[in-house]
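**Q** Take this structure, written in structure tokens, and hold onto it; I'll ask about it next.
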Amino acid sequence: MAQTGAFTGFPREAFRFLENLAAHNNLEWFDAHRGEWEEFLLHPAKALIAVLQAPLQELSPGIHVDPRVGGSLFSIRRDPQLSKDERPFREHLDFWFWHGAHRAPVSALFMRMTATRLALGAGCHIFEKDALERFRRLMSQEAEADRLAVLTARLEHHGHQIEGVSHVGTANGQGTTSTAQAHFLRHSGLWAIHDELLPSVVGTPDLADHCLSHWKHMQPLHAWLLDHLGD
Numbered sequence: 613m614a615q616t617g618a619f620t621g622f623p624r625e626a627f628r629f630l631e632n633l634a635a636h637n638n639l640e641w642f643d644a645h646r647g648e649w650e651e652f653l654l655h656p657a658k659a660l661i662a663v664l665q666a667p668l669q670e671l672s673p674g675i676h677v678d679p680r681v682g683g684s685l686f687s688i689r690r691d692p693q694l695s696k697d698e699r700p701f702r703e704h705l706d707f708w709f710w711h712g713a714h715r716a717p718v719s720a721l722f723m724r725m726t727a728t729r730l731a732l733g734a735g736c737h738i739f740e741k742d743a744l745e746r747f748r749r750l751m752s753q754e755a756e757a758d759r760l761a762v763l764t765a766r767l768e769h770h771g772h773q774i775e776g777v778s779h780v781g782t783a784n785g786q787g788t789t790s791t792a793q794a795h796f797l798r799h800s801g802l803w804a805i806h807d808e809l810l811p812s813v814v815g816t817p818d819l820a821d822h823c824l825s826h827w828k829h830m831q832p833l834h835a836w837l838l839d840h841l842g843d
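Going by the working numbering, 715 is the number at position 103 of the sequence shown; the sequence numbering is gapless.
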């Protein structure tokens with residue numbers, strides 16, 4: 613039966629559906645199996661978001677937690693205007709919890725669940741122009757870059773990867789005096805991520821606590837981005 617109340621976990625059929633969708637990514641197949649999508653993935657996903665709402669808002673006050681499709685849950689249907697991938701459906705679930713008036717913030721908490729893996733993260737994949745300029749101004753200051761390096765090193769110590777490097781050289785030719793400055797000035801985004809093989813906890817109510825435990829470790833980076841780059 614579809615989940616309509618408390619989150620009880622994603623059933624095995626959810627991951628079987630994602631595997632089959634990858635093999636039959638077309639509208640005809642999806643329409644024939646829409647009931648499975650709704651029962652095994654959509655309803656549990658909405659229930660999970662509802663369970664996460666209060667603890668996420670306590671962890672990061674002001675964060676948007678919206679259980680609707682198009683809110684904190686990405687549509688399974690790709691937008692052809694926004695995606696280069698011509699396949700009509702995503703073969704995973706994406707969750708997104710953000711700050712501010714729009715869904716392109718300086719930092720968000722996010723999760724991706726595939727048929728075989730679970731990824732949890734915090735940060736921003738691509739800084740918008742104003743945020744990128746603020747970030748580069750901050751990283752031109754050795755003390756600020758060194759403080760951020762300490763913060764990200766702690767996350768790496770807990771097993772999280774730090775991503776966002778996109779520039780081969782130092783941005784805008786700015787001179788640097790520290791390794792941290794040179795490193796961060798190559799970033800066009802900054803995020804932490806924990807990527808693991810699908811844990812057994814996904815089939816239980818404890819998935820919510822599993823997600824929260826990783827986001828709590830990442831909260832210092834999330835807060836730094838909001839405090840230093842937010843409007």
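Each residue gets a CB set at the ideal place from its N, CA and C atoms; glycine is no exception.
The structure presented is a predicted model; accordingly, all values stated were derived computationally and were not measured.
Which residue or residues does DSSP assign as beta-bridge partners of M725?
**A** Answer is L705 and L730.
**Q** Taking W710 as the reference, give the member of T726, E698, A634 and G735 with the closest Cα.
**A** Here the closest residue by C-alpha is G735.
**Q** At which residues does the alpha helix (DSSP H) containing A820 begin and terminate?
**A** Note, A820: alpha helix (DSSP H), L819 to L841.
**Q** Report yes if the CB atom of N637 is closer than 8 angstroms to the CB atom of F701, and no otherwise.
**A** Closer than 8 angstroms, so yes.
**Q** Going by DSSP, what residues sit across from E808 in a beta bridge?
**A** According to DSSP, E808 bridges with L730.
**Q** Quick check: the region 617 to 629 against the region 646 to 662, are at least 3 beta-carbon pairs closer than 8 angstroms?
**A** Verdict: yes, contact present.
**Q** If you drop the 5 nearest sequence neighbours on each side, which residues of the same chain put their C-beta closer than 6 angstroms to that of E756?
**A** Only L750 meet the Cβ criterion.
**Q** Which whole runs of the alpha helix (DSSP H) in the region 639 to 696 are 4 residues long or more, in chain order?
**A** You should have 639 to 644, 646 to 649 and 655 to 671.
**Q** Is the separation between the beta-carbon of H822 and that of P811 shorter than 8 angstroms?
**A** Taking 8 angstroms as the Cβ cut-off, H822 and P811 qualify as a contacting pair.
**Q** Give me the Cα-Cα distance between H704 and D742, rounded to the nearest whole angstrom.
**A** Their Cα atoms are separated by approximately 31 angstroms.
**Q** Classify H829 as buried or exposed, calling it buried when 16 or more other Cβ atoms lie within 10 Å of its own Cβ.
**A** With 16 or more other Cβ atoms within 10 Å, it is buried.
**Q** Find the nearest neighbour of L721 within the set G815, D758 and W803, judged by alpha-carbon distance.
**A** The shortest C-alpha separation from L721 is found at W803.
**Q** Would I738 and E775 be called neighbours here (beta carbons separated by less than 8 angstroms)?
**A** No, the pair does not count as a contact, with Cβ atoms beyond the cut-off.
**Q** Any C-beta of chain C sitting closer than 8 angstroms to the C-beta of D678?
**A** Absent from the structure: chain C. Only one protein chain is present.
**Q** If I measure Cβ to Cβ from A835 and keep anything under 6 angstroms in the same chain, skipping five residues before and after, which residues do I get?
**A** Closer than 6 angstroms at the Cβ level, and outside the excluded window around A835, lies no residue.
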